[in-house]
Amino acid sequence: EAGVTQSPTHLIKTRGQQATLRCSPISGHTSVYWYQQALGLGLQFLLWYDEGEERNRGNFPPRFSGRQFPNYSSELNVNALELEDSALYLCASSLGWDQPQHFGDGTRLSIL
Amino acid sequence: GNSVTQMEGPVTLSEEAFLTINCTYTATGYPSLFWYVQYPGEGLQLLLKATKADDKGSNKGFEATYRKETTSFHLEKGSVQVSDSAVYFCALYAGGTSYGKLTFGQGTILTVHP
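Set out below in structure tokens:
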């Protein structure tokens, strides 16, 4: 069974640009979650999508947004990139909101 | 709000030593508790879980018991290997207004020497 897959592996952008990160969940999983792992800040919850709808979001500004497609894959968009957005962005999926979350290997976003 | 506190790291052990990584939590209600492991350059892997008081999660020689009276979920392994070197995260899921959100501890770096 294929795990959670994320693309790209690495992404390099400059300040003010926009970044799009992609995630494909484990087959059969309908919930997708996004987390930010910044150096020294630990893992912070960003967004949760289920059945195509945003169900919850963490304490991040509106320039962090995303969507979930009918096939349950998801995109995370970050607008007006700032230096502090440099981090590893992890996607996770689960069978349902109360089921364990399984993570992908992440996208490393570097802002120059 | 919900929070997870892990023991200060990093932890350095010799192969075959006993491992304990302490984890305590603060949460409303009855959270589910998890241990995740992150190997260098990779994402998080679910190591074990427990969903109610006195449950014991176990996997790959690792164990942790959900202790509600002490709000703890300490990770233990009787004999560590070099391949266990990684970062270990304790996490909780409490639901309610935190639906969908895992709350993580700060992570503990484990290095095992031959």
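These protein sequence lines are chains A and B, in that order. Under our numbering, residues 84 to 195 are what the first sequence spells out, in order. Under our numbering, residues -18 to 95 are what the second sequence spells out, in order. The beta carbon of each residue, even a glycine, is placed where N, CA and C say it ideally should be.
Distance from the CA atom of A:Glu134 to the CA atom of A:Thr113, rounded to whole angstroms, is 6 Å. Here the stretch 72 to 91 of chain B lies against the stretch 125 to 134 of chain A, with 3 or more beta-carbon pairs under 8 Å apart. Apart from the 5 residues on each side of it in sequence, B:Gly38 sits with its Cβ closer than 6 Å to the Cβ of Leu29, Lys30, Ala31, Ala45 in its chain, given in chain order. With respect to the 8 Å criterion, A:Ser156 and A:Arg191 are not classified as neighbours on the basis of their beta carbons.
Looking at the DSSP output, A:Arg140 shares a beta bridge with A:Leu130. Rounded to the nearest whole angstrom, the CA to CA distance from A:Val161 to A:Tyr118 is 13 Å. Taking 9 Å as the Cβ-Cβ cut-off, the stretch 66 to 89 of chain B approaches chain A at Phe70, Ala72, Tyr74, Gly76, Thr78, Ser79, Tyr80, Gly81, Lys82, Leu83, Thr84, Phe85, Gly86, Gln87, Gly88, given in chain order. The residue among A:Ser169, A:Leu126, A:Arg138 with its C-alpha nearest the C-alpha of B:Gln87 is A:Leu126. A Cβ-Cβ distance of about 15 Å is found for the pair A:Leu164 and A:Gly149, leaving them out of contact under the 8 Å criterion. By the rule that beta-carbons nearer than 8 Å mark a contact, B:Leu27 touches chain A. When 7 Å is used as the limit between beta carbons, B:Glu23 is near these residues of chain A: Asp188, in chain order. Distance from the Cα of A:Pro108 is smallest, within the candidate group A:Thr97, A:Gly123, A:Ser90, A:Leu166, for A:Ser90. Straight across, the Cα-Cα distance linking B:Thr7 with B:Val68 is about 22 Å. Cβ neighbours of B:Tyr20 within its own chain (closer than 6 Å, five residues either side excluded): Ala67.
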